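**Student:**
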Amino acid sequence: MTRPTRQREGNERREWRDSGESETTEETDDVDLDEVDEEDLVRTGDGELMHEPTGIILEEDRIDPGPEWRAFNHSERQEKSRVGAPTTNTMHDKGLTTTIDWKDQDAYGRSISSKKRSQMHRLRKWQERIRTKDAGERNLQFALSEIDRMASALGVPRSVREVASVIYRRALKEDLIRGRSIEGVSTSTLYAACRKEGIPRSLDEVAEVSRVEQKEIGRTYRYISQELGLEMKPVDPKKYVPRFSSELELSEEVQNKANDIIETTAEQGLLSGKSPTGFAAAAIYAASLLCNEKKTQREVADVAQVTEVTIRNRYQEQIEAMGIHS
Numbered sequence: 058m059t060r061p062t063r064q065r066e067g068n069e070r071r072e073w074r075d076s077g078e079s080e081t082t083e084e085t086d087d088v089d090l091d092e093v094d095e096e097d098l099v100r101t102g103d104g105e106l107m108h109e110p111t112g113i114i115l116e117e118d119r120i121d122p123g124p125e126w127r128a129f130n131h132s133e134r135q136e137k138s139r140v141g142a143p144t145t146n147t148m149h150d151k152g153l154t155t156t157i158d159w160k161d162q163d164a165y166g167r168s169i170s171s172k173k174r175s176q177m178h179r180l181r182k183w184q185e186r187i188r189t190k191d192a193g194e195r196n197l198q199f200a201l202s203e204i205d206r207m208a209s210a211l212g213v214p215r216s217v218r219e220v221a222s223v224i225y226r227r228a229l230k231e232d233l234i235r236g237r238s239i240e241g242v243s244t245s246t247l248y249a250a251c252r253k254e255g256i257p258r259s260l261d262e263v264a265e266v267s268r269v270e271q272k273e274i275g276r277t278y279r280y281i282s283q284e285l286g287l288e289m290k291p292v293d294p295k296k297y298v299p300r301f302s303s304e305l306e307l308s309e310e311v312q313n314k315a316n317d318i319i320e321t322t323a324e325q326g327l328l329s330g331k332s333p334t335g336f337a338a339a340a341i342y343a344a345s346l347l348c349n350e351k352k353t354q355r356e357v358a359d360v361a362q363v364t365e366v367t368i369r370n371r372y373q374e375q376i377e378a379m380g381i382h383s
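Numbered according to the working numbering, the sequence shown spans residues 58 to 383.
(1) Please go through the same chain and pick out, in chain order, the residues whose beta-carbon is closer than 7 Å to the beta-carbon of Tyr-372, but skip the five residues on each side of it.
(2) Could you pull out every unbroken alpha helix (DSSP H) segment of at least 4 residues lying fully inside the stretch 185 to 218, listed in chain order?
(3) Along the chain, where does the beta strand (DSSP E) containing Glu-116 start, and where does it finish?
(4) Going straight from the alpha carbon of Arg-300 to that of Trp-159, what length do you get?
(5) Can you give me the start and stop residues for the beta strand (DSSP E) that Arg-100 sits inside?
(6) Indicate the three-state DSSP secondary structure (helix, strand or coil) for Arg-74 in the structure shown.
(7) Decide if Pro-214 is buried, meaning its Cβ has at least 16 other Cβ atoms within 10 Å, or exposed.
(8) Does the stretch 362 to 381 come into contact with the stretch 293 to 310, if we say contact requires no fewer than three beta-carbon pairs (one atom in each stretch) closer than 8 Å?
(9) Closest by CA to Thr-145, which one among Lys-314, Glu-365, Arg-226 and Arg-252?
(10) Kindly indicate which residue of Lys-230, Thr-321 and Arg-252 has the alpha-carbon position closest to the one of Gly-380.
(11) Rounded to a whole number of angstroms, what is the C-alpha to C-alpha distance between Val-360 and Lys-351?
(12) For the alpha helix (DSSP H) containing Leu-106, name the first residue and the last one.
(13) In the DSSP assignment, find the unbroken alpha helix (DSSP H) run with Asp-158 in it and report its ends.
(14) Check the C-beta distance from Ser-168 over to Gln-162 and give it rounded, since I have them as a contact under 8 Å.
(15) Following the continuous alpha helix (DSSP H) through Val-266, name the residue where it begins and the one where it ends.
(16) Can you give me the C-alpha to C-alpha distance between Thr-353 and Ser-308, rounded to a whole angstrom?
(17) Could you pull the start and end residues of the alpha helix (DSSP H) that Asn-370 belongs to?
(18) Our contact map puts Thr-246 next to Ile-274 with C-beta atoms below 8 Å; I'd like the distance itself, whole angstroms only.
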């Protein structure tokens, strides 16, 4: 059945007027909104609600919830928007407080007087002080800035920073920070967030950008994950293959072969108790030999941050399991 358009409705009304008939017919008078079948109602592109069998417009006033201003690009939209940035757990106050701009200029971009500059300097100082009202907030502020710094150095996405911030807030609420360094707990929460989000970053890589030793990070990570009940799945060595292969400038064929080696050997139980990074590095080394894109053990070890001995041991186990003779 074709739906009557506004043009068709207008033509029908003109025909009624020409024939001398009344526009209000017995059929239209009998339409009751409470008795109308919802399947017969159609919402037009103009936002009008129409009764399809009769073509009667039942509702024509539509409320537009959008802004009253127009913007044609992203910068205009940002300038005209009257709301701030969305809340985020990566800031201790979740981004709800205001910040006084560091520029000593007025609204028109002109330099302000020296008296006003000194006044703005005092206002900035007090504004920073009142943002952190107690030691707990100062602790959180420092920890979140550390997480942000390390996440930037590791090149992980923003979602990892959000998860790490949420884990740290939970640890602070459960009073798990007491007796431990803020740097150690913040680093361990970042490592936990990387594992939660499936981002392949080894403990060695996280320790490189941290200000605490790897042993403390591992110990704190185990304590935090146990106390907060973080369910951590074992790291899949295949997640390291693309990044290591990219740094070694290996082809996609080598990556696919390395993944096949990891799958086959893992099914035979060789992965149990082994380092995922060392396991992935050995598979890449074996795949590079099989695909005639040879890389030395030293080159692979430097990229994966493992020892050559580890690669040799895992390599021997893998080729024996695959039935390949070196």
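The beta carbon of each residue, even a glycine, is placed where N, CA and C say it ideally should be. Just so it is clear, the structure is predicted and the values come from calculations on it, not from any experiment.
**Tutor:** Concretely, from the data shown:
(1) Counted from its first residue, the sequence shown places residue 372 at position 315. These residues qualify, in order along the chain: Ala-339, Tyr-342 and Ala-343.
(2) List check, alpha helix (DSSP H) in window: 192 to 211.
(3) Translated into positions along the sequence shown, residue 116 becomes position 59. Per DSSP, Glu-116 belongs to the beta strand (DSSP E) from 113 to 116.
(4) Here residue 300 refers to the residue found at position 243 of the sequence shown. Here residue 159 refers to the residue found at position 102 of the sequence shown. Straight-line Cα distance between these residues: approximately 40 Å.
(5) Taking the first residue of the sequence shown as 1, we reach residue 100 at position 43. Counting along the chain, the beta strand (DSSP E) containing Arg-100 begins and ends at 98 to 100.
(6) Looking up residue 74 in the sequence shown gives position 17. Low confidence applies to Arg-74: its pLDDT is 46, below 50, so where it sits in the model is not reliable enough to give any reading.
(7) On the sequence shown, residue 214 is found 157 positions in, with the first residue counted as 1. That one is exposed.
(8) No, the stretch 362 to 381 is not in contact with the stretch 293 to 310.
(9) Position 88 of the sequence shown, counted from the start, is the residue given in the question as residue 145. Distance from the Cα of Thr-145 is smallest, within the candidate group Lys-314, Glu-365, Arg-226 and Arg-252, for Arg-226.
(10) For this step, residue 380 is matched to residue 323 along the sequence shown. Per the Cα distances, Thr-321.
(11) Position 303 of the sequence shown, counted from the first residue, corresponds to residue 360. Position 294 of the sequence shown, counted from the first residue, corresponds to residue 351. Val-360 and Lys-351: Cα-Cα distance of roughly 15 Å.
(12) Looking up residue 106 in the sequence shown gives position 49. Looking at the DSSP string, Leu-106 is not in any alpha helix (DSSP H); the run it does join, the beta strand (DSSP E), is 106 to 108.
(13) Here residue 158 refers to the residue found at position 101 when the sequence shown is read from its first residue. Here Asp-158 belongs to no alpha helix (DSSP H), and DSSP marks it neither H nor E.
(14) Along the sequence shown, one-based indexing puts residue 168 at 111. Along the sequence shown, one-based indexing puts residue 162 at 105. Their Cβ separation, rounded to whole angstroms, is 6 Å, which keeps Ser-168 and Gln-162 in contact under 8 Å.
(15) If you number the sequence shown from 1, residue 266 lands on position 209. Note, Val-266: alpha helix (DSSP H), 260 to 266.
(16) Looking up residue 353 in the sequence shown gives position 296. Looking up residue 308 in the sequence shown gives position 251. Rounded to the nearest angstrom, the two C-alpha atoms are 16 Å apart.
(17) Against the sequence shown, residue 370 aligns to sequence position 313. Judged by DSSP secondary structure, Asn-370 falls within the alpha helix (DSSP H) whose first and last residues are 365 to 379.
(18) Along the sequence shown, read from residue 1 onward, the residue named residue 246 stands at position 189. Along the sequence shown, read from residue 1 onward, the residue named residue 274 stands at position 217. Rounded, the Cβ-Cβ distance is 10 Å, inconsistent with contact.
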